[in-house]
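Residue numbers for the sequence shown follow this note's numbering, beginning at 323 and rising by one. Cβ coordinates follow ideal geometry from the N, Cα and C atoms, glycine included. Note that this is a predicted model, so its numbers are computed, not measured.
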Amino acid sequence: MILDKINKPNDIKRIDPEEYEQLAQEIRQFLIDSISKTGGHLASNLGVVELTMALHIVFDLPTDKLIWDVGHQSYTHKILTGRKNQFNKLRKYGGMSGFPKRNESDYDAFDTGHSSTSISAGLGYASARNITGEDYHVISVIGDGALTGGMAYEALNNASSLKKNFIIVLNDNSMSISENVGGISRILDDVRSSYSYYDLKEDVKNTLHKLPNGDALVEKIKKTKSNIKQFIVPGQIFEDMGIQYLGPVDGHNIHKLIKIFNIAKRVDSPVLVHVVTQKGHGYTPAEKNPSRFHGIGPFDIKTGKSLSVGKGESYSAVFSRKICDIAKNDRSVVAITAAMPDGTGLDKFKKWFPDRFFDVGIAEEHAVTFSAGLAAGGMKPVFAVYSSFLQRAFDQILHDVCMQQLHVVFAIDRAGLVGSDGETHQGIFDLSFLSVIPNMTIIAPKNGWELENALEFALEHFYGPIAIRYPRGCAYTGLSEYVQPIEYGKSELIHEGSHICLMAVGNMMETALTTGERLKEYNIDATIVNARFVKPIDEDMICDIADEHELLVTLEENVYTGGFGEAVSRYTQMNGLSIRTLGIALPDDYIEHGNVDILKHEAGIDAEAVFDRIMETIADMKNNG
């Protein structure tokens, strides 16, 4: 196998060009085989095999800097940089990340995970290069979906002032995770229809060079404003921004890719290379359904069917069903997503209420202010978004929603630890950054039924900014008998004990119950409370607990700083309540990729770790009176 020759960085440069296509096929098969066992991002990686190979052939890495936008398409890059043997532990705790990581390899120039960042980072690299007088190329790869993000246009606008080479590779596969939306998508559709432009230009140029005085004629054509490109590339959007445009080029023709990248290297200014690829290329199930194969668990290669056994309805599915039920009877309810209708459960809402569904593309900041405008216009907007992506819109939440006390509902999916995607996707900061914003209300339901009740409360019995946060995965089905109506700012008493109280946020209720059973083995009958509201905290309940208990333990799947536990502790101290508090929370750090259960244990928030912390605290309280 030719792939056997790829064992360390730059081995691909020693491969015979006649072997390139075979190597591409072998890489694809390797990816399919590996990801079928470990899970991971498949479709996006299958689409960039030839593109990645060409970049590694043409450029001198790591001297040249290759920056991937989002980064979930970097698997071939990792293979070509000597990490092929690490794929058996892809996205596993202690194993190789599914994204570029600077601390993993010198060939990963920039940590990525969120979209629309590569041009900004690349421009920074190029500017630093120019200041220091170094000589290397900077290549930023960005997808057409990520190009809808406003940050990408801010960077493009800034890049136009650069007077030296900076290469932007537009990986155009006509979709992000879901179907692309917006004006830029339509422009690229038009450009794709002019697929022959690059080949035509080259043919014309080669023919003219053969004619008498042909060289001078070619130069004259280059200088005229009415050249072929102006007729074929609609609006010349990139060149109008001061960035030279090359393409479109077939992203699965490695020889053409090598040729165009060598041309791009010689351009003494910012240049965009437009590469047209097919997501899932080379594997029929992924070609037919690239969205499902964007991020997938272990699967059967022959059929493409998942090997994971469903354990019940997910929180996203519960949310999906409930918002549709409410929208049937309330026409003011509208739903907004930032390019994630499937992931957030809004695909059914889109189907049933297309006139009230809005996919704004990868543009979380816009999504929030757009929601604010909808609210000001009398609608009830629900913005469904992953916790880690909502971080991008902090200013808009504060300034455009909460300052005006507008009725916007934030349905925060993937809150807490999400597992294998790692640091960039862990939703462990939302309670902290939302809690500091005046006028914001935060609910964390304990199970699927309470999520339904919380959404109904937020839409039909409340007015103002409100966030409902829930985790990834199957909805907890315990405590179904506890269905106390939701009352603003009030918690829910689950079990009344003595001496010790466990006050849990959201999905940490299950951990609290398990810990409570363990404490009973030591004759400790702990009170258990479902916090329900993170902001405002239930001050009356806390005072009642302080009167009857010696230790109040708060449990949350969020960092401690700025979180629920810190707020409770601060309240007890400021009001002179005679009770000790113990905050069980994630460390104030970034949590790496891995199985969620392993991560919880390592972070000290699983039932075993919580029990140990409580027993240590009890011992300390006895020793110190």
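Which of helix, strand or coil does DSSP assign to residue i?
| i | result |
| --- | --- |
| residue 902 | strand |
| residue 860 | coil |
| residue 817 | strand |
| residue 760 | coil |
| residue 550 | Below a pLDDT of 50, predicted positions are generally treated as unreliable, and residue 550, at 44, falls in that range; the measurement from the model is reported next regardless. Helix, per DSSP. |
| residue 447 | helix |
| residue 567 | strand |
| residue 589 | coil |
| residue 493 | strand |
| residue 339 | helix |
| residue 636 | strand |
| residue 416 | coil |
| residue 430 | coil |
| residue 736 | coil |
| residue 685 | coil |
| residue 745 | coil |
| residue 436 | coil |
| residue 463 | strand |
| residue 386 | coil |
| residue 809 | coil |
| residue 372 | helix |
| residue 362 | strand |
| residue 399 | helix |
Do residue j and residue i have their beta-carbon atoms positioned less than 8 angstroms apart in this structure?
| i | j | result |
| --- | --- | --- |
| residue 709 | residue 734 | yes |
| residue 868 | residue 899 | yes |
| residue 463 | residue 390 | yes |
| residue 682 | residue 692 | yes |
| residue 745 | residue 444 | no |
| residue 621 | residue 396 | no |
| residue 889 | residue 859 | yes |
| residue 875 | residue 822 | yes |
| residue 762 | residue 753 | no |
| residue 686 | residue 660 | yes |
| residue 637 | residue 773 | yes |
| residue 853 | residue 891 | no |
| residue 350 | residue 604 | yes |
Sorted by chain position, which residues of the same chain lie with C-beta nearer than 6 angstroms to residue i's C-beta, five sequence neighbours on each side aside?
| i | result |
| --- | --- |
| residue 474 | 438 and 441 |
| residue 642 | 667 and 670 |
| residue 520 | With a pLDDT of only 49 at residue 520, under 50, the local geometry of the prediction cannot be trusted, and no value is derived from it. |
| residue 794 | 736 and 740 |
Comparing C-alpha positions only, which one of the options sits nearest to residue i?
| i | options | result |
| --- | --- | --- |
| residue 385 | 494, 339, 331 and 920 | 331 |
| residue 587 | 376, 924 and 702 | 376 |
| residue 582 | 590, 571, 591 and 603 | 571 |
| residue 378 | 798, 615, 404 and 904 | 404 |
| residue 797 | 768, 809, 803 and 880 | 768 |
| residue 863 | 836, 826, 830 and 878 | 826 |
| residue 679 | 370, 469, 771 and 649 | 649 |
| residue 949 | 909, 573 and 702 | A query on residue 949 cannot be resolved here, the shown segment of the chain reaching from 323 to 947 and no further. |
| residue 816 | 352, 749, 810 and 804 | 804 |
| residue 787 | 749, 808, 770 and 765 | 765 |
| residue 646 | 723, 559, 675 and 446 | 675 |
| residue 415 | 602, 743 and 811 | 743 |
| residue 285 | 944, 366 and 873 | No answer is possible for residue 285: the residues shown for the chain start at 323 and end at 947. |
| residue 856 | 871, 884 and 427 | 884 |
| residue 948 | 465, 850 and 447 | Residue 948 lies beyond the range of the chain shown here (323 to 947); nothing can be said about it. |
| residue 810 | 485, 654, 429 and 779 | 779 |
| residue 835 | 877, 695 and 785 | 877 |
| residue 346 | 398, 800, 413 and 467 | 398 |
| residue 590 | 640, 484 and 561 | 484 |
| residue 596 | 608, 893, 567 and 613 | 567 |
| residue 458 | 380, 927 and 610 | 380 |
| residue 402 | 430, 410 and 424 | 430 |
Among the residues of its own chain, which have a CB less than 7 angstroms from the CB of residue i, if the five just before and after it don't count?
| i | result |
| --- | --- |
| residue 931 | 923 |
| residue 482 | 563, 564, 565 and 592 |
| residue 925 | 908, 909 and 913 |
Once the 5 residues before and after residue i are set aside, which same chain residues still bring their CB inside 8 angstroms of it?
| i | result |
| --- | --- |
| residue 327 | 333, 336 and 337 |
| residue 575 | 372 |
| residue 652 | 702, 781 and 782 |
| residue 546 | Summary for residue 546: the model assigns pLDDT 46, below 50, so the residue's position carries little reliability, and this model does not support an answer. |
| residue 873 | 821, 822, 823, 901, 902, 903, 904, 936, 939, 940 and 943 |
Please report the Cβ distance between residue i and residue j, rounded to the nearest whole angstrom; I am assuming they are in contact, meaning their Cβ atoms lie under 8 angstroms.
| i | j | result |
| --- | --- | --- |
| residue 781 | residue 790 | Actually they do not touch by this definition, with Cβ atoms about 10 angstroms apart. |
| residue 698 | residue 720 | About 16 angstroms separates the two Cβ atoms, so there is no contact after all. |
| residue 689 | residue 723 | About 11 angstroms separates the two Cβ atoms, so there is no contact after all. |
Using a Cβ-Cβ distance cut-off of 8 angstroms, determine whether residue i contacts chain C.
| i | result |
| --- | --- |
| residue 559 | The chain inventory of the structure shown lacks chain C, comprising one protein chain alone. |
Nearer than 7 angstroms: is that true of the beta carbon of residue i relative to any heavy atom of the ligand COA?
| i | result |
| --- | --- |
| residue 725 | For the structure depicted, the ligand COA is absent and the ligand set is empty, with no information on it obtainable. |
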